[in-house]
Amino acid sequence: MATAYDNAMKQEAATDDSGVPFVAVENLRKVFAGRAVLDGVNLSVSRGKTLAVLGRSGTGKSVLLRLLIGLERPDSGSVCIHGQDIAGLALDQLGEIRKRIGFLFQHAALYDSLTVAENVAFPLQHHRKEMSKSEQADRVNQLLAEVGMEEDLEKMPSDISGGMQKRVGLARALALEPEILLLDEPTAGLDPISSGEIDELILKLQRERMMASIVVTHNLHSARTIANRLAILNEGKVVIQGSFEDLQQSDIGFVKEFLKQS
Ligand SMILES: Nc1ncnc2c1ncn2[C@@H]1O[C@H](COP(=O)(O)OP(=O)(O)OP(=O)(O)O)[C@@H](O)[C@H]1O
Ligand SMILES: [Mg+2]
């Protein structure tokens, strides 16, 4: 039986790297309180590809994702989405770009007072006003079926497990059919079986939708399963970027140590 990793490799072989990357970051620098959290980061991700970003706590992984959707502004360097630098954009232009990016926040961040279905409907209500209520409801059902949550429409976030909350967060991130998907720790806090199920779900979504994805994770096994490429961040820089085998073959002391501890 093909493993998730084999499938990811097949997906790699079935796509090419031509054209403008969906996401490209150059020389990105972000300073907080005099400390450069990101200090010259370069990354790019093309359609159908997944980059996993690894690194210890506090190395700026979440900041990187927030820069990609314009929730933070860079001190220098560029963030290009579909070739367009978003740094100088006005809020309304940024809003247009954000609609094309699905984002799963580190702490699932569902609205506690809304049901599962209402959470997923939220982006549609705000950005797909042309859809009728029943069209929106159909779409919500379809999205929740895609993540295996079609039985739990009326439940409240507090009544479902962490893994289920992540699934609902994923369904919400997919509501506007994004071309780019950013996932911040999609398996953190989950047991190994639930983590594996979320990884399988991410792989399935990638196969079906061919998005460019960036997944921040502490979980090397998960990174290896879902990503074509892995990047390790440390002290504001990308220490190494490549396939899991590239990382394993690296002579860089930090990389060897990181792999040993992960
Ligand atoms: N808005 C902010 N103002 C000041 N400092 C910030 C802000 N956002 C992040 N930081 C700091 O930037 C650093 C990187 O934070 P970030 O949340 O990106 O880390 P992380 O790599 O995602 O960590 P973790 O793995 O624990 O989620 C931390 O030292 C954090 O305190
Ligand atoms: Mg984080």
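Here the sequence shown stands for residues 7 to 268, numbered as in this note's numbering. Ideal Cβ placement from N, Cα and C applies to all residues, glycine included.
{"Check": "Collapsed DSSP secondary structure at F260 in the structure displayed", "Outcome": "helix"}
{"Check": "Span of the beta strand (DSSP E), counted from its first residue to its last, around Q112", "Outcome": "Counting along the chain, Q112 falls outside any beta strand (DSSP E), and DSSP gives it neither H nor E."}
{"Check": "Those runs of the alpha helix (DSSP H) which lie wholly inside the segment 233 to 258 and span at least 4 residues", "Outcome": "250 to 254"}
{"Check": "Same chain, Cβ closer than 6 Å to R173, five either side skipped, listed in chain order", "Outcome": "V153, M155"}
{"Check": "Beta-bridge partners of I220, as assigned by DSSP", "Outcome": "L57, L188"}
{"Check": "By C-beta, the residues closer than 5 Å to any heavy atom of ligand 1, given in chain order", "Outcome": "F38, V43, S63, G64, T65, G66, K67, S68, V69"}
{"Check": "Coarse secondary structure for N147, derived from DSSP in three states", "Outcome": "helix"}
{"Check": "Where R178 sits in the DSSP three-state scheme", "Outcome": "helix"}
{"Check": "Distance, A181 Cα to V26 Cα", "Outcome": "24 Å"}
{"Check": "For R35, the nearest candidate out of R62, V69, A58, V59 (CA to CA)", "Outcome": "V69"}
{"Check": "Contacting residues, own chain, Cβ-Cβ under 8 Å from V37 (five flanking each side not counted)", "Outcome": "V43, D81"}
{"Check": "Short CB-CB distance (under 7 Å) between L70 and chain D", "Outcome": "Given the protein chain composition of this structure (a single chain), no chain D is represented."}
{"Check": "K67 versus L265 - alpha carbon distance", "Outcome": "18 Å"}
{"Check": "For F38: DSSP bridge partner residues", "Outcome": "R41"}
{"Check": "Stretch pair the segment 185 to 201 + the segment 159 to 171: three plus CB contacts closer than 8 Å", "Outcome": "yes"}
{"Check": "Given F111 as reference, the closest of V221, A229, K243, H133 once Cα atoms are compared", "Outcome": "V221"}
{"Check": "With 16 other Cβ atoms within 10 Å as the buried cut-off, status of I208", "Outcome": "buried"}
{"Check": "Nearest-angstrom Cα separation, counted from A30 out to T121", "Outcome": "36 Å"}
{"Check": "Alpha helix (DSSP H) segment containing V126, residue limits", "Outcome": "122 to 133"}
{"Check": "Rounded straight-line distance, which links the Cα of L149 to that of V244", "Outcome": "35 Å"}
{"Check": "Cβ-based neighbour list, I204, same chain, cut-off 6 Å, excluding 5 preceding and 5 following", "Outcome": "K172, P192, T193"}
{"Check": "Cβ pair E185, R106 closer than 7 Å", "Outcome": "yes"}
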